[in-house]
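The numbering used here puts the first residue of the sequence shown at 1052, with every later residue one more than the last. Here the structure is laid out as structure tokens; the discussion comes afterwards.
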Amino acid sequence: MRVGIHTGPVLGGVLGQLRWQFDILGKEVTLANHMESSGLPGRVHVSDRTASFLGEEFELEPGYGETRDDAIKAAGLKTFLIKTVLKQVSIYKCVFVNSASFHLLRHPCADASLFMYSIP
């Protein structure tokens, strides 16, 4: 399994008339997809923008994603791989989607259905 994380503005909304579905779109979503596909198996691949929000919680090493994916190279992103967790944190800011509006709440991160980091 590979994970790619990129941070940036997105457009989100509810699609459909009978069966509603929430989706996010934009260049940043496409770059996150490229981060995932150019990542290494069993590793978390993050962009430099995402790394700037991680603080001192993780040890990072160069990811060299631009050598494996032309879209990352064209965007001028520097990438990293998460090496180790330096600071164990049991509570994260989580984003819940409720009636197409976002609410920032504090919740134990044991619930895997929550996003661990909010979009700035």
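Don't be surprised by glycine CBs; every beta carbon is placed ideally from N, CA and C. Every value quoted in this text rests on a predicted model; they were computed, and no experiment measured them.
Leu1066 beta carbon less than 7 Å from that of Leu1076: Reading the sequence shown from its first residue, position 25 is the one you call residue 1076. Reading the sequence shown from its first residue, position 15 is the one you call residue 1066. The criterion of a C-beta distance shorter than 7 Å is not satisfied by Leu1076 and Leu1066.
Beta-carbon proximity list for Glu1107, same chain, < 8 Å, skipping 5 on both sides: Taking the sequence shown and counting its residues from 1, one reaches residue 1107 at position 56. Leu1137 and Lys1138, listed in sequence order.
Segments of 4+ residues assigned as alpha helix (DSSP H) that fall wholly inside the segment 1094-1147: Listed in chain order, they are 1099-1105 and 1121-1126.
Residue range of the alpha helix (DSSP H) that includes Val1080: Mapped onto the sequence shown, residue 1080 falls at position 29. Start and end: Lys1078 to Ser1088.
According to DSSP, residues forming a beta bridge with Val1061: Numbered from its first residue, the sequence shown carries residue 1061 at position 10. According to DSSP, Val1061 shares a beta bridge with no other residue.
Alpha-carbon spacing of Met1052 relative to Lys1134, whole angstroms: On the sequence shown, position 1 is the one that residue 1052 refers to. On the sequence shown, position 83 is the one that residue 1134 refers to. About 16 Å.
Same chain, Cβ closer than 7 Å to Val1231, five either side skipped, listed in chain order: For residue 1231 there is no data in the structure shown, the boundaries of the chain being 1052 and 1171.
Leu1082 burial status per 10 Å Cβ neighbour count (16 or more: buried): For the purposes of this step, residue 1082 is identified with residue 31 of the sequence shown, where counting begins at 1. Answer is buried; the Cβ neighbour count reaches 16.
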